[in-house]
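Take 468 as the starting number for the sequence shown in my numbering and just add one per residue. Structure record follows, encoded as structure tokens.
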Amino acid sequence: MSFRVTIRCPHCQERSIAISSREMSKTLREVTYRCTNELCGHTYVANLEVVRTLTVSSIPAADVHLPLSPHVRREQLLLLLEDEPAKP
Ligand SMILES: [Zn+2]
């Protein structure tokens, strides 16, 4: 599953299209958007940032440190508790 990330122009709320992007780091990309409303003409930069992990990587990079999503921590805790031997 994949889809284009589109956002609305903050000024006129019309759809904007990405016209360029550049990688700032492994977790941050700057995307330049242009509003499709010709009466508006707003061009602007937005950040696309990786902020948390939902499923951990099987080949993690040593220099990438992302927090686990709170619901993942809960699921992992529940798995740990399931593995725990029952107390008498
Ligand atoms: Zn606009």
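We put the CB at the ideal spot given by N, CA and C, even for glycine. Bear in mind that the values here come from a model prediction, so they are computed numbers and not experimental data.
Item	Value
With 16 other CB atoms within 10 Å as the buried threshold, where does Ser487 fall?	exposed
Whose CA, out of His532, Thr522, Thr503, lies closest to the CA of Ala485?	Thr503
Alpha carbon to alpha carbon, how far is Ala528 from Glu497?	21 angstroms
When the Cα of Arg489 is compared with those of Val531, Leu548, Leu515, which residue comes out closest?	Leu515
Relative to the C-alpha of Leu495, which residue among Gln480, Ala513, Arg482, Arg471 is closest?	Ala513
By Cβ distance below 7 angstroms, which residues in the same chain neighbour Gly508 in space, the five residues on each side in sequence not counted?	Cys502
According to DSSP, is Glu516 helix, strand or coil?	strand
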